[in-house]
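Heads up: the structure comes next, in structure tokens.
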Amino acid sequence: MRYSQSIIAKKYAQAYLKEFVDQLQLSDIESIKLTIRFFKRHHTFISLLNLLVDPEKTKNVVIDELFDHFSLPLSLKKLIDVLITHKRLILLSDVLIDICCLYFQIKNILELTIFTATPLENHEFEKFESFFKKISGKTIVSTVVLEPSLIAGVRMQSDLFLWEYSIAARLRSLRQKMLIEG
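Residues in the sequence shown are numbered consecutively from 282, following our numbering.
Next comes the structure, spelled out in structure tokens:
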């Protein structure tokens, strides 16, 4: 995940994490990421939410439903209240993105996606994670995605790193070599 382009959103995220980073768990960050994906699929939702929320009321039913549905950490309600008060609720998605990115940075965690042509055995999975932990010096949180187009082999990718050893990579390399040599 990459930072949003909003400097203001990053400031809100930093202020939130300064207060609540020790209360957050990785499961909370996963809930926040689900919420971000929802906002990306339904990009008008926040605009509608902005119209429905009354800054004068302390109880906002729509926001409560959002928290219940996505199991968001209750500490985020304080942040949302501040965004509502400052009339910046439209920044919510960007603030959540920056909270996730900053959390991983603060906790020295690297998100890694392991693409493989065939399912991995547990010991293979552990070796790949160990390899990336050694390269990055960070705690690894990984997900495995089956990618038959690799033909055989593996590609490991994060926002900072890309490592691939696969038949597809070898074929691309040969194709490039043939184009260069003519």
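From the three backbone atoms N, C-alpha and C, an ideal C-beta is built for every residue, glycine too.
How many whole angstroms separate the CB atoms of residue i and residue j, which I take to be in contact at a CB cut-off of 8 Å?
i, j, result
"Ile317", "Leu377", "5 Å"
"Ala296", "Asp379", "Actually they are not in contact, since the Cβ atoms of Ala296 and Asp379 sit about 11 Å apart, beyond 8 Å."
"Leu372", "Ile289", "6 Å"
What are the partner residues of residue i, as DSSP defines its beta bridges?
i, result
"Ser423", "Leu393"
"Val435", "Thr397 and Tyr446"
Determine the contact status of residue i and residue j, defining contact as a CB-CB distance below 8 Å.
i, j, result
"Lys291", "Ser285", "yes"
"Ile344", "Ser374", "no"
"Ile313", "Leu353", "yes"
"Phe421", "Leu443", "One point to set straight first is that residue 421 is Ile, not Phe, in the sequence displayed. Going by C-beta atoms, Ile421 is not nearer than 8 Å to Leu443."
"Arg436", "Ser423", "no"
"Leu427", "Ala449", "no"
"Ile351", "Leu315", "As written in the sequence, residue 351 is Phe, which differs from the Ile given in the question. Contact: yes."
"Lys358", "Phe348", "yes"
"Leu401", "Val425", "yes"
"Leu298", "Ile387", "yes"
"Gln438", "Phe396", "yes"
Look up residue i in the DSSP assignment and say whether it is helix, strand or coil.
i, result
"Gln286", "coil"
"Leu329", "helix"
"Asn403", "helix"
"Glu354", "A small fix is needed here, since residue 354 is Pro in this sequence, not Glu. If DSSP states are grouped into helix, strand and coil, Pro354 belongs with coil."
"Leu305", "coil"
"Lys368", "coil"
"Lys408", "helix"
"Glu428", "coil"
"Leu388", "Leu is not the amino acid found at residue 388; the sequence shown has Lys there. Lys388 falls in the coil class under three-state DSSP."
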